[in-house]
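Asks: What follows is a structure written as structure tokens; I'll ask about it next.
2 protein chains.
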Amino acid sequence: MRRPPTIIDVASYAGVSKSSVSNVLQGKRTVDETIRKRVLDAIDELGYRPNAGARYMRQRSKVLGVVVDDLTNPFHAELATYIEAYAAKRMHSILLVVTGSQLEHQSSRVRSLVEHRVAAMMFLSAPGKKALELVGPEIRKVFVGIRMAKELSIAVDDSAGTSLAVEHLAALGHKKIGFVSAMLGNDPNVEAARFKGYQHGMRVAGLGVEEAHLLREVGARNSEPSPNYQEILKQFLGRRNRPTALVAALDRVALEIISAADALGIRIPESLSLVGFDDITIASHSRIALTTIAQPMKDLARLVVDAAIDGPSAVAGGKPPASIFLPPRLVVRRSTAQAPTKR
Amino acid sequence: MRRPPTIIDVASYAGVSKSSVSNVLQGKRTVDETIRKRVLDAIDELGYRPNAGARYMRQRSKVLGVVVDDLTNPFHAELATYIEAYAAKRMHSILLVVTGSQLEHQSSRVRSLVEHRVAAMMFLSAPGKKALELVGPEIRKVFVGIRMAKELSIAVDDSAGTSLAVEHLAALGHKKIGFVSAMLGNDPNVEAARFKGYQHGMRVAGLGVEEAHLLREVGARNSEPSPNYQEILKQFLGRRNRPTALVAALDRVALEIISAADALGIRIPESLSLVGFDDITIASHSRIALTTIAQPMKDLARLVVDAAIDGPSAVAGGKPPASIFLPPRLVVRRSTAQAPTKR
DNA sequence: TTGTATGCGTTATCAT
DNA sequence: ATGATAACGCATACAA
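Right, dumping it as structure tokens:
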């Protein structure tokens, strides 16, 4: 048989009408047990699989769109994995588009999603305005790990996370605590929130924020570490009055800091403490052993999928769109230690 | 307007028949320029997007299925990114399913792909027999980075890769070169091919393969490193007569070896040289600096997508299904060094 | 060149 | 409880 069997083939094979087959497929209770069995056997015999495309012409699609700028980002890859897993549990499929850094390409990929009439779109990275306008109000939008004004965002409490980081460092006796976020693609709002948490943490600890301890110039969004990022970092770390501890806006940045520090002979944690953010898998490797702020990825995934399928009200109690923030968790490893004693 | 506009809405708005709209959409040259413009304007005005599901009932689907067991595996994530990018360039979308380690779940995810009538399925991980049988002959199957008998497989030349690794180590004066592959999920055939390349490399170098220098017990497939994997590794590395150099079947295994060696105080590369396989992103980090065998991921992605869209004959000259193997590349970093002088 | 009619596989409505 | 039939949105063969 060249082409896959249709519901009609099943019906005629089972000697019933296609309506009955459909009823069996839909799990309707009104169908007689003997007929149900005949249909089930026919399906099995013919290897029939319902055509999802045809089905979605009459029913709500069970496909969820995921848009991410860079799957190579371990945090995104891990989050996407959890999302797919939970979506599958809820009988939904994932149409994945990765947009890369080019804005036009982004629109084209998002357009593809709307043409597929996905039930909802989940954004792991902030889309451009153009791309966002494409999607229209009939398709549900949920933002994960990033913040989008006027839209439902589900994320870790970024500010609380960096506050936690500062608190941890302050408890270790650090006074000169810096913050670096530059040039590694992430949502600007997220960066801002994490910086805010850092500021807040400093205030609570009774510490002052010095401009010289900050590295925040924002480069191209959604981009790989630029070749000269290491140089910038080295210059920052090479300063006479450099911080004794650093809060990195993401683990990826922390990884770069480690490289720069190594190159400069600055020992971590002996003479520089470092806290990351995200707790990507490699952070736990013995060579890295990064103290970091872990995101509750499974909860994030569950909530975002629920919101995508059931609507915002299913996860947000009040009047959506309201954002919901989950608590972060400090994971202490070996990149942080007691502040060096004053020389 | 509650529901998205259809081709009929566009037609009536433009004052033409739906056929003309369709013709414009299909890029037919036969349509009058003035009508084409009217249609295009109407589309723009209404924000019309063709319904892909409905379209695919008459045309070949432009959705490609990707099945992977674990997106957390950096090699898979990177490969998937390239695949999506090239598929997009060819105007196709990616329906992604991640199967995890459970076999039944695997079938369910693959079933979902066939119900969506994807144009082709691309396997980044070896599926179980059950899952494979589900998919039937009308859906094209391509295997990437793994080997499947009787099917089109596109992969790096695994044997050549590990041979390269051995050659590199032998050139550095190593005699006792081991091979470890145990317990980190991968296709058994791939493991076998890489081991074969190791053996061949040893033979060419005039070196003998000793059983004691091998760690190949295969644990659960498709699984995360088990908790006691470190223990096994430490025991292996702690032996009196351990190899002075190791070929790891994948970078992920190499990462584990590094941890174990560190824990034992075995210095890399001074007293143990190590070569990985895949060249995942983290391998280039200064703390890891892993000498490894790089796969031509972009070429892999391009070929597999072409094969998925155009059929096996588009990439394989002869009579498909034939497998095609791409040459690997040795990337030398700092995990390999001259063999320690005999004591 | 443009419009009309039909089919694609499924669900949903409505008689029976 | 079951079956006939009308949508669903689009492409295509054919007629005009």
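Going down the list, the protein sequences come from chains A and B. At position 91 of the first sequence the residue is numbered 91 (UniProt numbering), and the sequence of numbers has no breaks. At position 336 of the second sequence the residue is numbered 336 (UniProt numbering), and the sequence of numbers has no breaks. For glycine and all other residues, C-beta sits at the position ideal for the given N, C-alpha and C.
(1) Give the DSSP bridge partners of A/Lys141, in chain order.
(2) What is the DSSP secondary structure of A/Gly136, reduced to helix, strand or coil?
(3) Using the C-alpha atoms, what's the distance from B/Gln59 back to A/Thr6?
(4) Could you compute how far the alpha carbon of A/Lys89 sits from the alpha carbon of A/Gly173?
(5) What distance in whole Å lies between the Cβ atoms of B/Leu124 and B/His76, which are believed to be in contact at a cut-off of 8 Å?
(6) Could you check if B/Tyr56 is buried or exposed, using at least 16 other CB atoms within 10 Å of its CB as the buried criterion?
(7) Please compile the residues from chain B whose C-beta is within a distance smaller than 8 Å of the C-beta of A/Glu84.
(8) Check whether the Cβ of B/Arg242 lies closer than 7 Å to any heavy atom of the ligand COA, and answer yes or no.
(9) May I ask you to report which of helix, strand or coil DSSP gives B/Gly238?
(10) Whole angstroms are fine: how far does the CA of B/Arg287 sit from the CA of B/Gly136?
(11) Relative to the C-alpha of A/Lys13, which residue among A/Asp299, A/Ile35 and A/Ala155 is closest?
(12) Note down, one range per segment and in chain order, each alpha helix (DSSP H) of at least 4 residues found wholly within the segment 312–339 of chain B.
(13) With a Cβ-Cβ cutoff of 8 Å, do A/Val180 and A/Ala249 count as a contact?
(14) Using three-state DSSP, classify B/Ala149 as helix, strand or coil.
(15) Ignoring anything shorter than 3 residues, give me the beta strand (DSSP E) runs that lie fully in the segment 144–213 of chain B, in order along the chain.
(16) Answer yes or no: does any C-beta atom of chain B fall closer than 8 Å to that of A/Ile288?
(17) Would B/Thr81 count as contacting chain A if we go by Cβ distances under 8 Å?
(18) Could you check if B/Ser93 is buried or exposed, using at least 16 other CB atoms within 10 Å of its CB as the buried criterion?
(19) Do we get a CB-CB distance below 8 Å when we pair B/Leu255 with the residues of chain A?
(20) Skipping 5 residues on each side, what residues in its chain have a beta carbon closer than 6 Å to that of A/Asn163?
(21) Specify whether the segment 258–275 of chain A and the segment 229–237 of chain A touch according to this definition: at least 3 beta carbon pairs, one from each stretch, less than 8 Å apart.
(22) Locate the beta strand (DSSP E) running through B/Ser93, then write down its first and last residues.
(23) Within 10 angstroms of its Cβ, does B/Val21 collect 16 or more other Cβ (buried), or is it exposed?
(24) Between which two residues does the beta strand (DSSP E) carrying B/Ile293 extend?
(25) With three or more C-beta pairs closer than 8 Å as the rule, is the segment 64–76 of chain A touching the segment 274–286 of chain A?
(26) Once the 5 residues before and after B/Ala337 are set aside, which same chain residues still bring their CB inside 7 Å of it?
(27) In the DSSP assignment, the alpha helix (DSSP H) including B/Leu46 goes from what residue to what residue?
(28) Out of A/Gly15, A/Val66 and A/Thr99, point me to the one whose CA is closest to A/Ala42's CA.
(29) Just to check my reading of the structure: B/Phe143 and B/Ser153 have Cβ atoms closer than 8 Å, yes? What is that Cβ distance to the nearest angstrom?
(30) Three-state secondary structure (DSSP) at B/Gly276?
(31) List the residues that DSSP assigns as beta-bridge partners of A/Gly65.
(32) In whole angstroms, what is the alpha-carbon distance linking A/Gly53 and B/Arg109?
(33) Between which residues of its own chain and A/Ala220 is the CB-CB distance below 6 Å, once the five residues before and five after are set aside?
(34) Assign A/Thr341 to buried or exposed, taking buried as 16 or more other Cβ atoms, counted over all protein chains shown, within 10 Å of its Cβ.
(35) Scan the segment 243–276 of chain A and note each continuous beta strand (DSSP E) run of 3 residues or more that stays entirely inside, going in chain order.
(36) Run down chain A in chain order and give the residues with a C-beta less than 9 Å from the C-beta of B/Ile258.
Replies: Considering the structure as presented:
(1) Taking the first residue of the first sequence as 1, we reach residue 141 of chain A at position 141. Answer is A/Met121.
(2) Residue mapping note: residue 136 of chain A aligns to position 136 of the first sequence, counting from 1. The answer is coil: DSSP assigns A/Gly136 none of H, G, I, E or B.
(3) Start at 1 with the first residue of the first sequence, and residue 6 of chain A comes out as number 6. Start at 1 with the first residue of the second sequence, and residue 59 of chain B comes out as number 59. Their Cα atoms are separated by approximately 16 Å.
(4) Your numbering for residue 89 of chain A matches position 89 in the first sequence. Your numbering for residue 173 of chain A matches position 173 in the first sequence. Rounded to whole angstroms, A/Lys89 and A/Gly173 show a C-alpha spacing of 46 Å.
(5) In the second sequence, counting from the first residue as 1, residue 76 of chain B sits at position 76. In the second sequence, counting from the first residue as 1, residue 124 of chain B sits at position 124. At roughly 5 Å, the Cβ-Cβ gap stays under 8 Å, so B/His76 and B/Leu124 are in contact.
(6) Within the second sequence, the letter at position 56 stands for residue 56 of chain B. Answer is buried; the Cβ neighbour count reaches 16.
(7) For the purposes of this step, residue 84 of chain A is taken as residue 84 along the first sequence, with counting starting at 1. Those within 8 Å of A/Glu84 in chain B are Leu71, Leu96, Val97 and Val98.
(8) Only the bare structure without any ligand can be found here, which leaves the ligand COA out of the picture.
(9) As a position in the second sequence, residue 238 of chain B is number 238, starting the count at 1. In the three-state scheme derived from DSSP, where H, G and I count as helix and E and B as strand, B/Gly238 is classed as helix.
(10) Along the second sequence, read from residue 1 onward, the residue named residue 136 of chain B stands at position 136. Along the second sequence, read from residue 1 onward, the residue named residue 287 of chain B stands at position 287. Distance between the alpha carbons of B/Gly136 and B/Arg287: 47 Å.
(11) The residue given as residue 13 of chain A occupies position 13 in the first sequence. Contrary to the premise, residue 13 of chain A reads as Tyr rather than Lys in this sequence. Considering only alpha carbons, the answer is A/Ile35.
(12) None, since the segment 312–339 of chain B contains no complete alpha helix (DSSP H) of that length.
(13) Mapped onto the first sequence, residue 180 of chain A falls at position 180. Mapped onto the first sequence, residue 249 of chain A falls at position 249. Taking 8 Å as the Cβ cut-off, A/Val180 and A/Ala249 qualify as a contacting pair.
(14) The count along the second sequence starts at 1 and reaches residue 149 of chain B at position 149. Coil, per DSSP.
(15) Given a length threshold of 3 residues, each whole run of the beta strand (DSSP E) inside the segment 144–213 of chain B is given here in chain order: 153–156 and 177–180.
(16) Taking the first sequence and counting its residues from 1, the one referred to as residue 288 of chain A is at position 288. Taking Cβ atoms only, chain B reaches closer than 8 Å to A/Ile288, which makes this a yes.
(17) Here residue 81 of chain B refers to the residue found at position 81 of the second sequence. Interface flag for B/Thr81 against chain A is set, since a Cβ pair is found closer than 8 Å.
(18) One-based indexing of the second sequence puts residue 93 of chain B at position 93. Counting Cβ neighbours within 10 Å, B/Ser93 comes out buried, since at least 16 surround it.
(19) By 1-based counting over the second sequence, the position of residue 255 of chain B is 255. Closer than 8 Å to some Cβ of chain A, the Cβ of B/Leu255 qualifies, so yes.
(20) On the first sequence, residue 163 of chain A is found 163 positions in, with the first residue counted as 1. Residue 163 of chain A is actually Ser in this sequence, not Asn. Only Gly197, His200 and Gly201 meet the Cβ criterion.
(21) A contact exists between the segment 258–275 of chain A and the segment 229–237 of chain A.
(22) For this step, residue 93 of chain B is matched to residue 93 along the second sequence. For B/Ser93, the uninterrupted beta strand (DSSP E) run begins and ends at Ser93 to Val98, by DSSP.
(23) On the second sequence, position 21 is the one that residue 21 of chain B refers to. Counting Cβ neighbours within 10 Å, B/Val21 comes out buried, since at least 16 surround it.
(24) For this step, residue 293 of chain B is matched to residue 293 along the second sequence. Residues Thr291 to Ala294.
(25) Contact between the segment 274–286 of chain A and the segment 64–76 of chain A is present, with at least three C-beta pairs closer than 8 Å.
(26) Residue 337 of chain B sits at position 337 when you count from the first residue of the second sequence. Result list for B/Ala337: Leu172, Pro269, Glu270 and Ser273, in chain order.
(27) Residue mapping note: residue 46 of chain B aligns to position 46 of the second sequence, counting from 1. Unbroken alpha helix (DSSP H) run through B/Leu46: Glu33 to Leu46.
(28) On the first sequence, residue 42 of chain A is found 42 positions in, with the first residue counted as 1. With respect to the C-alpha of A/Ala42, the residue from A/Gly15, A/Val66 and A/Thr99 having the closest C-alpha is A/Gly15.
(29) To locate residue 143 of chain B, count along the second sequence from 1; it is residue 143. To locate residue 153 of chain B, count along the second sequence from 1; it is residue 153. Indeed, because the Cβ distance is near 4 Å, the residues count as touching under 8 Å.
(30) Residue mapping note: residue 276 of chain B aligns to position 276 of the second sequence, counting from 1. Here B/Gly276 carries a strand assignment [DSSP, helix/strand/coil].
(31) Here residue 65 of chain A is taken as the residue at index 65 of the first sequence, counted from 1. The beta-bridge partner set that DSSP reports for A/Gly65 consists of A/Leu95 and A/Met121.
(32) Here residue 53 of chain A corresponds to residue number 53 of the first sequence, with the count starting at 1. Here residue 109 of chain B corresponds to residue number 109 of the second sequence, with the count starting at 1. Each residue's alpha carbon lies about 16 Å from the other.
(33) As a first step, residue 220 of chain A must be located in the first sequence, where it is residue number 220. Its pLDDT being 48, under 50, A/Ala220 is placed unreliably by the model, and nothing is read from it.
(34) Walking along the first sequence from the start, residue 341 of chain A turns up at place 341. A residue is called buried once 16 or more other Cβ atoms fall within 10 Å of its Cβ, and A/Thr341, having fewer, is exposed.
(35) Correct list: 245–248.
(36) On the second sequence, residue 258 of chain B is found 258 positions in, with the first residue counted as 1. Neighbours of B/Ile258 on chain A, chain order: His285, Ser286 and Arg287.
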